[in-house]
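Peer 1: Below: one structure in structure tokens.
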Amino acid sequence: MKMLFFDLRDSEKDFFNNNSFTDFDITFKKEALTEKSKLSSEEYTNTCILCVYRSSILTEKVLSRFKNLRIIATRSHGFTHIDIEYCIKNRINVFNVEQYGEEAVAEFALGVIIYLTRKIKTAMIDIRKEKINPKLYEGELLNKKTIGIIGCGKVGLKLAKIANFFEMKTLVSSYKESPQFEKVCNVVPFDTLLSQSDIIYLHMPFTTENYQIIGEEEFRKMKDEVYIINTSSIELINLEALYNNLISGKVKGAGLDILESDYAKGKSSVNIGGETMSSKKNHKITEKLLDMPNVLITPHLAYNTKEYINNVLANTFNNIRDNIKGIYTNRIC
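Start counting the sequence shown at 0; every next residue gets the next number (numbering that gives the first Met the number 0).
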């Protein structure tokens, strides 16, 4: 079956060098698939499978060019970059990756928390300037602090267990119940989490319902000198409100593991309510945030381990093979 594999990264090449896929006719492309992409007429006609990442934007205009498309496999948990309504109408099966490297993301989140609370960035900036002032680098112990986890998936559960090891108090707020969480932390209403947490951690799939779930009103409900960590989508936080609260001191530090496209392209790749949002304003705010010593911004690194990348690719191809056999593992539609 003819497959176009977009968004190929150097880190993924080892997987294909070490595994054989003779049952697929794969064409690899480093670039993302968007409305600006130009493919051959043969590719538009013969392609049955698209394998993409979140940087590919699969609008109706893009998808309608493919004449025999049957499967879309996204190498991500989120799928807002795909026009699901079009896929349903045209009987195109869409699959995502259920396992999102919970160990990798939870460990990364802890690293960001320590990076911020121990003022590592400030110390690194000063040591390059050969201007050392230990008093400015006095950090805080995590012991006895309260961490509020928004979203009770596997990543949140893993981080809650790690936080307990550090003797932190853990709170969780989520739209769905999880008996596993009740064993390791306190399940509380959203507003209670905001008002009682010293550190607030977000990890949840982005949807139209939770767009900017943290905004100016939510910041007002938080403790003074709170830390904000987000390893999900940048769209979960109102960046202007975050910047203002960092300037005022209400937020003591922030760690944002944003998507590459969010910052590098200066625009959002996320489709909300059928329209692609422009984020030029967020791009300008991100520039300001990058210069702040109490802010850490990384280009979607939380999941990025060799083990996770290999697992994602293996699961993606298993999903595709299952679909061909009539088994719909991790099917969105």
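All C-beta atoms, glycine included, are put in the ideal place defined by N, C-alpha and C.
Going by the DSSP bridge assignment, what does Ala301 pair with across the sheet?
Peer 2: DSSP, once it has assigned bridges, lists no residue as partnering Ala301.
Peer 1: In the DSSP assignment, the alpha helix (DSSP H) including Cys86 goes from what residue to what residue?
Peer 2: Ile83 to Lys88 is the span of the alpha helix (DSSP H), which, as asked, contains Cys86.
Peer 1: Would you say Gly254 and Leu57 are within 8 Å of each other, going by their C-beta atoms?
Peer 2: no
Peer 1: Can the beta-carbon of His202 be found closer than 8 Å to that of Thr230?
Peer 2: Between His202 and Thr230, the C-beta spacing is below 8 Å.
Peer 1: Count the other CB atoms, across all protein chains shown, that sit within 10 Å of the CB of Lys12; report buried if there are 16 or more and exposed otherwise.
Peer 2: Result: exposed.
Peer 1: Taking only the alpha-carbon atoms, compute the straight-line gap between Phe94 and Tyr210 and give it to the nearest angstrom.
Peer 2: 23 Å
Peer 1: Can you tell me where the alpha helix (DSSP H) with Ser172 in it begins and where it stops?
Peer 2: Premise fails: Ser172 lies in the beta strand (DSSP E), Lys168 to Ser172, not in any alpha helix (DSSP H).
Peer 1: Which word fits Ala313, buried or exposed, when buried means at least 16 other C-beta atoms lie within 10 angstroms of its C-beta?
Peer 2: Ala313 is exposed by the Cβ-count criterion.
Peer 1: Hey, out of Phe165, Phe164 and Glu181, whose CA is closest to Val171's CA?
Peer 2: The shortest C-alpha separation from Val171 is found at Glu181.
Peer 1: Would DSSP call Gly110 helix, strand or coil?
Peer 2: helix
Peer 1: Name, in chain order, the residues that DSSP records as bridge partners for Ala72.
Peer 2: Cys50 and Phe94
Peer 1: Just the C-alpha distance for Tyr307 and Phe14, rounded to the nearest angstrom, thanks.
Peer 2: Separation of Tyr307 and Phe14 (C-alpha to C-alpha, rounded to the nearest whole angstrom) is 11 Å.
Peer 1: Round the Cβ separation of Ala31 and Phe4 to the nearest angstrom and send it over; I've been treating them as touching at under 8 Å.
Peer 2: Wrong, their Cβ atoms sit about 12 Å apart, outside the cutoff.
Peer 1: Inspect the beta-carbon positions of Leu288 and Tyr242 and report whether they are closer than 8 Å.
Peer 2: yes
Peer 1: Please list, in chain order, all residues of the same chain as Lys251 whose beta carbon is under 7 Å from its beta carbon, the five residues on each side excluded.
Peer 2: Glu224, Val225, Tyr226 and Asn293
Peer 1: Could you tell me which of Arg53, Asp22, Arg64 and Ile112 sits nearest to Glu42, measuring between CA atoms?
Peer 2: Minimum Cα distance to Glu42 is reached at Arg64.
Peer 1: How is the alpha helix (DSSP H) around Phe65 delimited, first residue to last?
Peer 2: Boundaries for Phe65: no alpha helix (DSSP H) harbours it, and the DSSP string shows neither H nor E there.
Peer 1: Rounded to a whole number of angstroms, what is the C-alpha to C-alpha distance between Ala108 and Arg219?
Peer 2: Rounded to whole angstroms, the gap between the alpha carbons of Ala108 and Arg219 is 24 Å.
Peer 1: Using the C-alpha atoms, what's the distance from Cys151 back to Gly100?
Peer 2: Gly100 and Cys151: Cα-Cα distance of roughly 15 Å.
Peer 1: Pick out the complete alpha helix (DSSP H) segments inside the region 134-200, 4 residues or longer, and give them in chain order.
Peer 2: Fully enclosed alpha helix (DSSP H) runs of 4 or longer: 153-164, 178-183 and 189-195.
Peer 1: Per DSSP, which residues does Ile296 bridge with? Please list them.
Peer 2: Note: Ile296 sits in a beta bridge opposite Leu255.
Peer 1: Between the Cα of Glu234 and those of Ile246, Lys222, Pro204 and Gly248, spot the shortest distance and give me the residue it belongs to.
Peer 2: Pro204
Peer 1: Just the Cα atoms here: how many angstroms apart are Met2 and Thr73?
Peer 2: 13 Å
Peer 1: Does Arg53 pass the burial test, meaning 16 or more other C-beta atoms within 10 Å, or should it be called exposed?
Peer 2: buried
Peer 1: Kindly indicate the opening and closing residues of the beta strand (DSSP E) around Tyr327.
Peer 2: Taken as a continuous stretch (DSSP letters only), Tyr327 belongs to no beta strand (DSSP E), as it is neither H nor E.
Peer 1: Measuring straight from C-alpha to C-alpha, what distance separates Asn17 and Ser55?
Peer 2: 26 Å
Peer 1: So Met2 is in the beta strand (DSSP E); what residue range does that whole segment cover?
Peer 2: Lys1 to Phe4
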